[in-house]
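Quick note, the sequences are listed as chains B and H, same order.
Going by the numbering used here, the first sequence opens with residue 3, and the numbers climb by one from there.
Going by the numbering used here, the second sequence opens with residue 3, and the numbers climb by one from there.
Here a beta-carbon is modelled for each residue, glycine too, at the ideal position from N, C-alpha and C.
Number of protein chains: 2
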Amino acid sequence: MSKCDQCIVKQFNSLKFLNREELIRISGCKTSKYIKKGEPIFEEGERINGVYCIKDGICKVSKMSENGKNQIVNLVQKGDLIGERSLISDEVSNLSAYAQSDMEICFIPREEILKDLEKNPAFSLDVLKKMANSLKNSENLIVDMAQKSVKQRLAETLLNLHEKFGKSEDGTINIQLSREDISNIIGTATESAIRLLSTLKKDKIITFKGKDIEILDKKALERIAAGF
Amino acid sequence: MSKCDQCIVKQFNSLKFLNREELIRISGCKTSKYIKKGEPIFEEGERINGVYCIKDGICKVSKMSENGKNQIVNLVQKGDLIGERSLISDEVSNLSAYAQSDMEICFIPREEILKDLEKNPAFSLDVLKKMANSLKNSENLIVDMAQKSVKQRLAETLLNLHEKFGKSEDGTINIQLSREDISNIIGTATESAIRLLSTLKKDKIITFKGKDIEILDKKALERIAAGF
DNA sequence: ACTATAATATGATAATTATCACTTTTTTTT
DNA sequence: AAAAAAAAGTGATAATTATCATATTATAGT
């Protein structure tokens with residue numbers, strides 16, 4: 003069992019503002035877990051009662067819509083925290099989180115970290131800062147969902163995925179996403195997403211290696227995303 | 003000039019967690035202002051450097067999209083704080099705020115309230131809680147924008163407006179919104195919004211008094227919003 | 001390795017929504 | 001009060017996207 007004060011993952015999230023003592027305390031009461039691709043970390047309606055620190059892997063955060071589609075609102079990766087809202091508000095989660103790859107996560111119980119939130123202003127300010135940033139991103143996404151066409155959204159999504167997850171060794175965007183996942187991110191029917199991807203491929207803007215996508219012409223994608 | 007410790011508006015926002023001393027300090031350095039309907043409170047790209055407390059009136063928070071439409075992401079009213087993000091992160095604002103009615107607001111400079119954020123955990127936790135709630139609402143809105151039809155979104159928006167702003171004396175929803183405003187909230191063309199409103203009126207689900215809208219059949223609206 | 005299932009892809013068509021053009025009504029300006 | 005401008009409303013049509021059906025390919029299970 004690894005120790006929080008020695009884990010490099012904390013450098014990427016608000017836990018870096020906890021001191022050695024605090025980290026040791028948390029290390030003593032956290033639980034580590036391996037999650038298989040496709041399994042839930044938590045589901046909508048659950049009381050999370052703590053926060054998950056992602057040690058490895060990627061997960062999708064989503065909400066089942068009334069029409070039966072599973073809208074993906076975020077993809078989070080190694081180094082990110084998820085579930086922070088449960089620290090603040092003892093409500094059930096409005097979202098679900100599912101492993102998009104095999105994952106290693108640590109769960110820190112709410113009552114253990116809540117004191118740090120109250121006692122350590124650097125920590126609480128960083129949680130606040132991270133949440134403010136999430137809120138800003140969400141607002142921008144609302145505007146895009148409302149005002150951009152599906153094609154624009156796809157282009158933008160591909161660019162964002164590339165920015166966030168980088169390239170794997172074969173040059174493709176370094177995250178495994180089905181066509182259905184992609185359609186659930188941009189908010190369209192699976193067939194529509196497939197068609198648009200196909201068009202982009204035909205136009206030599208992207209190419210496929212299996213299901214993986216490699217961007218060939220980033221500038222063209224940017225133009226499409228911007229509406230030109 | 004009114005005093006913060008005596009102002010009833012603070013009961014509706016995080017300022018209620020400041021003690022008397024803190025409130026007196028803030029009272030001494032805040033500035034009050036009247037804003038005419040249609041005028042900006044702040045605009046996208048501005049460094050806000052403080053937080054606005056709404057003493058009276060309603061404002062719309064929006065972002066200009068690349069296609070020239072002004073997507074409204076929130077409507078805020080008396081008692082709410084706006085611009086809190088500038089406390090946390092010294093970036094320019096990604097959104098604009100315009101007065102939807104004549105307003106009275108107080109501006110509290112960032113450096114005056116930042117100490118409270120660091121020193122008063124009850125206050126900072128409430129700011130965090132409010133932001134978490136905003137984030138949750140934004141996430142739900144993303145899902146709706148992605149998955150619901152324009153008609154559903156209109157129905158839901160009318161219900162939400164009624165819930166949030168209540169009824170005026172003549173029974174209509176207590177906020178002045180043009181048809182263009184409504185279209186900018188649900189994310190559609192103005193003509194489309196007008197057509198759908200017209201249909202709802204023909205179906206006796208809503209009625210108009212001038213431009214104001216009165217809900218006649220709330221249950222029908224709920225069914226439409228839910229997709230039935 | 002084989003089979004079954006799921007995902008991807010494609011064609012056709014239906015539904016939804018946007019755009020364009022114009023008229024009517026309301027609000028603002030003079 | 002009259003004129004101008006803006007907003008609301010309507011009709012027609014175009015564009016976008018969803019749905020349905022089917023075929024092909026990839027993946028999972030045995």
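- Taking each of H:TYR100, H:GLY229 and H:ASN96 in turn and checking the Cα distance to VAL78 (chain H), the smallest one comes out for H:TYR100.
- Beta-bridge partners of PHE109 (chain B) (DSSP): B:THR33 and B:TYR54.
- Not a single CB atom of chain H sits nearer than 9 Å to the CB of ASN15 (chain B).
- Using beta-carbon distances, MET105 (chain H) does not count as an interface residue toward chain B, since no partner is under 9 Å.
- For the region 104 to 128 of chain H, the residues whose beta carbon sits under 9 Å from a beta carbon of chain B are, in order, LEU119, GLU120, LYS121, PRO123, ALA124, SER126 and LEU127.
- In the DSSP secondary-structure assignment, MET66 (chain B) is bridged to B:ASN72.
- One finds GLU141, ASN142 and VAL145 in chain B with Cβ atoms closer than 8 Å to the Cβ of LYS65 (chain H), taken in chain order.
- Within the same chain, SER16 come within 7 Å of LYS132 (chain H) by CB-CB distance, once the 5 residues on both sides are set aside.
- 9 Å or more divides the Cβ of LYS62 (chain B) from the Cβ of ASP172 (chain B).
- When Cβ-Cβ separations below 9 Å define contact, GLU68 (chain H) makes contact with chain B.
- With respect to the 9 Å criterion, CYS6 (chain B) and ILE26 (chain B) are classified as neighbours on the basis of their beta carbons.
- Under the DSSP definition of a beta bridge, THR192 (chain H) lacks any partner.
- Taking 9 Å as the threshold, the shortest C-beta distance from ARG87 (chain H) to chain B falls below it.
- The beta carbon of GLY52 (chain B) sits closer than 6 Å to those of PHE109, ILE110, PRO111 and ARG112, all from its chain and outside the five residues before and after it, given in chain order.
- When DSSP assignments are scanned along the region 138 to 199 of chain H, the uninterrupted stretches of alpha helix (DSSP H) that are 4 or more residues long and fall wholly within it turn out to be 152 to 167 and 181 to 188.
- For the region 185 to 199 of chain B, the beta-carbon criterion of a distance under 7 Å to any beta-carbon of chain H is satisfied by GLY189.
- Residues of chain B whose Cβ lies closer than 8 Å to the Cβ of VAL75 (chain H) are, in chain order, GLU141, ILE144 and VAL145.
- Restricting attention to B:ALA228, B:PHE44, B:LEU119 and B:ASN135, the CA atom closest to the CA of SER151 (chain B) is found in B:ALA228.
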